[in-house]
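Just below is one structure, and these are the notes that go with it.
Protein chains: 2
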Amino acid sequence: MVSSLRLPALTSLFSPSFTRRSTVSLRRRLHLRPPLAAGFSAQSAASSPTETEDRVDSKKSGRVEDRGSTDRVITPRSQDFNAWYLDVIANAELADYGPVRGTMVIRPYGYAMWEAIQDYLNVKFKETGHSNMYFPQFIPYSFIEKEASHVEGFSPELALVTIGGGKELEEKLVVRPTSETIVNHMFTQWIHSYRDLPLMINQWANVTRWEMRTKPFVRTLEFLWQEGHTAHATLEEAEKEALQMIDVYTKFAYEQAAIPVIAGRKSKVETFAGADKTYTIEAMMGDRKALQAGTSHNLGQNFSRAFGTQFTDENGLRQHVWQTSWAISTRFVGGIIMTHGDDTGLMLPPRIAPIQVVIVPIWKKVDEKTGVLDAASSVAETLKNAGLKVKLDDTDQRTPGWKFNFWEMKGVPLRIEIGPRDVSSASVVISRRDIPGKQGKVFGISMEPSILEAYVKDRLDEIQSSLLQRAISFRDRCSSDRSNGSCLLHGCILVSIALGSFNFLESFSEFFELNRIHMLLCTLDFFALISNASWTLCSNIVDVSSYEELKEAISLGKWARGPWSASDADELRIKEETGATIRCFPFEQPQGTKACLMTGKPADEVAIFAKSY
Amino acid sequence: MVSSLRLPALTSLFSPSFTRRSTVSLRRRLHLRPPLAAGFSAQSAASSPTETEDRVDSKKSGRVEDRGSTDRVITPRSQDFNAWYLDVIANAELADYGPVRGTMVIRPYGYAMWEAIQDYLNVKFKETGHSNMYFPQFIPYSFIEKEASHVEGFSPELALVTIGGGKELEEKLVVRPTSETIVNHMFTQWIHSYRDLPLMINQWANVTRWEMRTKPFVRTLEFLWQEGHTAHATLEEAEKEALQMIDVYTKFAYEQAAIPVIAGRKSKVETFAGADKTYTIEAMMGDRKALQAGTSHNLGQNFSRAFGTQFTDENGLRQHVWQTSWAISTRFVGGIIMTHGDDTGLMLPPRIAPIQVVIVPIWKKVDEKTGVLDAASSVAETLKNAGLKVKLDDTDQRTPGWKFNFWEMKGVPLRIEIGPRDVSSASVVISRRDIPGKQGKVFGISMEPSILEAYVKDRLDEIQSSLLQRAISFRDRCSSDRSNGSCLLHGCILVSIALGSFNFLESFSEFFELNRIHMLLCTLDFFALISNASWTLCSNIVDVSSYEELKEAISLGKWARGPWSASDADELRIKEETGATIRCFPFEQPQGTKACLMTGKPADEVAIFAKSY
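These protein sequence lines are chains X and R, in that order.
Each number in the working numbering comes from the position in the first sequence (counting from 1) with 328 added on.
Each number in the working numbering comes from the position in the second sequence (counting from 1) with 328 added on.
Put into structure tokens, the structure is as follows:
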């Protein structure tokens, strides 16, 4: 973790670059509707090439047709996170708004991210003993009313079908907001004895919740998800299952999505409507708001009692089953965008990226074209055969510079460039999306299939873990390239320490028999040491021991972590006064006795408070 | 095809076995609701072992607990096809009824068949250049009204959401019956120039049609499907795409589902609401009714004109796009059941089967158990590593005989039996689902992984092609094990020929210098030759040249194929008078000039008429 820490250029700490805000993105933000939501080549839109690329001269090549190359602008992330998010979704063609308020069309590039999520989880669900199946989405209204807290939680959000086949229906039908009720109705018919347990199923489906404030991927009227439902003979088994599934989600988040989620238990106030316990994974987005990225519920016997889902145990006694349910949705796609993206656009972890490697052939003269394209095709073939997701962008309607920008904005982890000189030397140039400019660019990688394949796979692995480390650093140590206003403080502290230690050493230079160069090196060493410690101080999760400290942390946009044993009323008061809620009681708890930040009374656990999506 | 023809035992032709119809299945048929729709081990149900299996003695083993072993009875297929179908769905745990009339819960075993369909098609769609995406299911009512014939076709079938979030909605929302309208609404925003074309997408989704007569898988209120939607610059491209996709479906049906569909064009009357042309694949079910198993529509410019979906062509002119849409649904699962199933239950083609090989360990004494189970686990591991879908049924709550019946009913293509004697000889016994009894059983197959793997894979390939050949024979040559009343005729013809030729040869035996044995052999050879020809005469598709012939064929439950150039009114008259509709004008057409079966006027094409689901 330390090795991956990249120190900021000091200048950047003092000159936050407030880029021009285009009228286009302003309009977009106000209307909440991207005017650029059009097919790529149809967009009268292209950011002007920013890469200083001496290999490419778009003006000279004569292949330029970048119509209106100034109006595809992504609002800088640091300037307006929400506008940036909507710009990225529109420009990277992830999603578009549907005709009905709050609905979303998931476009191929965004859907492919969802498919990557599905592919991984679907295997894990089966490995852990679950079978896929499908329940109808229409649920009799009376079902929803059976579980008291469930109806209270969901009734304001329901879409109701009242007319079918031209006739008014006798009973209104709920378009499923979640399936616990209909699942229990069916389980009651399938479960008879202990031999039928555990019953462990999952479905991939759409669900509808009549949300008032919507945001693509994060909260939409209809969304896609998987919902697991299980029934067990004992409370212990159900609890084990609920924990197992939150663990599957946690591993997915870390290993595939490169998102360092915090797993824990929800407070009573935040527990799912109908559950005894809700486990959650909470992720810190780029604006430091929390995203609840997946939940797993121990439903106890709430639904089985409401629906009479019983079994005969080994002693012949009738018992209610113990249940769980757990879900991850297309919201996770939003989480990936908001965790890794930067001012340039999307940045995708290789294991989620619909395209892992984009190949951009470069030629100027007509006689170069065939050789370059042949080499590019052959490289593409090599990497495809190695199981990688490869795109060869060989259109001649766009310049290489335009393509570089476009695929960077789309977050493709690696770019391979092949020009005439590369063809002669049988090598390629490879650029990393996560390291901008020349630092991320390596020349002269051999085209020899085994060498190229190994090199590309290694780099993709590096990017995968680098993105995770970066997100961890941002959350726990406020890493440089995510710094914003609040970290000016951090920059000042570091510079003071550096200058102070330099002055200190200079004063004693004779005593230590140091020359100035040596002294400078010593200072830098010391600086690195201190900075590492200071990043921790500057973490985006702040340990607090009083309500005042909590309020300060939240007002700075950070997460607060502190001992909690106060009442539900106190929790709601915090929400009202600060906008923050308890995200979870994390599974990883500090040792020792603690005093509740609110009441001073003993507290068993620390809770994490944050504003959230 | 000839080699796979299996001649019927003559006795079977004269003694159709009308098995006792259980009251359970009667009740089920009348209520259209299987009372047995319960978890397997919970079912108080097990067919009594019918296999004469000297290796297994369920009564002696002491491990029997087949509670109520008489009431899981599948109605014989020949007796009542519909009751048989519902029994199979209930007993094989493919689906269950949802709480809302006409809805269906797809249970894991049925859903796994749908997953096999998805896995194959999803790859093919991507190979042919389509991307997956997702459109919202709520469509403003006004959209449906935009395309005249579309609203006429779909408005009686709509489910409407009128209340959302507790409030009456200003505009009613249609729960998608199909997505052409919303797709065009979005295409209009994404398509601007010829460079944006072709636009080729697909979505896997649920759709809702308020059907009055429902039947699991075949016709339900809500069903799962994929719907492809494409937009092209020219009519020719759209036509090519529509044909390409019906071809993908055809290949899928033949190669994966082992269903010999007939691909062709729908008549004007049967064309999709909003399409210029509809292509279809039509399958003959076991009761000889037709099932429309997949369709591909050339939509022309109907929707693009209604929604203003235009592009600027290479000459700068605005043009409406040319479109297609195409779909296959969970109905196909019903098609697989009804094509291959028999009185014993399901019979699944290996490429669709959720379980390809079931392993049943057999032991009597306790000291045999460990050895047998170890060997069974090792065999299971070998086959799983070979990429096969394997189930090791090692529960000791059921007897081997019970398991044999259960997995046969579930249609598992191959069963491997391993007993103590097999363990000593390091071999296994393998039984084929498609060849009942001892004929389908082979002893002494080595457990050596490479030998076993090769043997099992070869048998699965054989079963796959055998099922297809059988379905072809049934349709085109009325194969034996599907025979019913109408084929008594066929049996009589064959017997007459056989006796006739035997008498003939006997009369001339001296002349030919034949002894009786030799003569019998000659007769049998001759019999095989003739029978092959006679099957063709006895095809379930009958060529007709007049309306009288058509009526006769339909009344015999067969399909009729005849030249057609008559009016829509004549077509509707046939539907009213016979219940049959034009299923398609098949792509494969006979040569030569033809006269319309109805009018006698010249006809370019033959059409296929049949009763259908």
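C-beta atoms are modelled at their ideal positions from N, C-alpha and C, and glycine is treated no differently.
Just so we're clear, the structure is a prediction, and the values are computed from it rather than from any experiment.
Do residue j and residue i count as a contact pair if the criterion is CB distance below 8 Å?
i	j	result
Ile510/X	Cys912/X	no
Tyr462/R	Val502/R	no
Ala655/X	Gln554/X	yes
Val686/X	Lys719/X	yes
Arg761/X	Leu742/X	yes
Thr490/R	Thr672/X	no
Ala908/X	Phe937/X	yes
Phe631/X	Gln651/X	yes
Thr640/X	His520/X	yes
Lys922/R	Ala618/R	no
Glu539/X	Glu455/X	no
Phe660/X	Tyr448/X	no
Thr927/X	Ser874/X	no
In this structure, how does DSSP classify residue i when only helix, strand and coil are distinguished?
i	result
His648/X	strand
Asp424/X	strand
Arg787/X	helix
Ile936/R	strand
Val392/R	Reliability fails at Val392/R, whose pLDDT of 34 lies under 50, so the model's placement of it is uncertain and no value is given.
Tyr462/X	strand
Asp296/X	No statement about residue 296/X is possible, as the shown extent of chain X runs from 329 to 941 and does not include it.
Ala923/R	strand
Thr710/X	helix
Trp654/R	strand
Val661/R	helix
Leu795/X	helix
Gly493/X	coil
Gly367/R	Its pLDDT being 31, under 50, Gly367/R is placed unreliably in this model, and the coordinates cannot settle the point.
Ile882/R	helix
Ile510/X	helix
Leu486/X	coil
Pro891/R	strand
Glu736/R	helix
Glu499/R	strand
Thr536/R	strand
Pro678/X	coil
His478/R	helix
Consider the C-beta atom of residue i and the heavy atoms of the ligand NAD; say whether any pair is separated by less than 7 Å.
i	result
Arg633/R	Annotation note on the ligand NAD: not contained in the displayed structure, which lists no ligands.
Determine the extent of the beta strand (DSSP E) in which residue i is found, giving its start and end residues.
i	result
Ala559/X	Glu550 to His560
Arg805/X	Run containing Arg805/X: none; DSSP gives neither H nor E here.
Val416/R	Per DSSP, Val416/R belongs to no beta strand (DSSP E); it is in the alpha helix (DSSP H), Phe409 to Asn419.
Ile472/R	Looking at the DSSP string, Ile472/R is not in any beta strand (DSSP E); the run it does join, the alpha helix (DSSP H), is Tyr469 to Ile472.
With which residues is residue i paired in a DSSP beta bridge?
i	result
Gln531/R	Glu555/R
Gly673/R	Asp670/R
Leu525/X	DSSP lists no partner for Leu525/X.
Lys543/X	Arg547/X
Arg945/X	No information on residue 945/X is available, as it lies outside the stretch 329 to 941 that chain X covers here.
Met432/R	Tyr425/R
Ala931/R	Lys922/R
Lys719/R	Val686/R
Arg911/R	DSSP output for Arg911/R lists no bridge partner at all.
From which residue to which residue does the alpha helix (DSSP H) around residue i run?
i	result
Thr578/X	Leu563 to Glu583
Lys903/R	Asp896 to Thr906
Val589/R	Counting along the chain, Val589/R falls outside any alpha helix (DSSP H), and DSSP gives it neither H nor E.
**OP:** Write down every uninterrupted run of the beta strand (DSSP E) in the segment 592 to 649 of chain R whose length is 3 residues or greater and which is fully enclosed by it, in chain order.
**Re:** 605 to 612, 618 to 628, 638 to 640 and 646 to 648
Original post:
For the segment 738 to 787 of chain R, which segments carrying the beta strand (DSSP E) assignment without a break, of at least 3 residues, lie completely within its bounds, in sequence order?
Top reply: 742 to 746, 755 to 760 and 769 to 774
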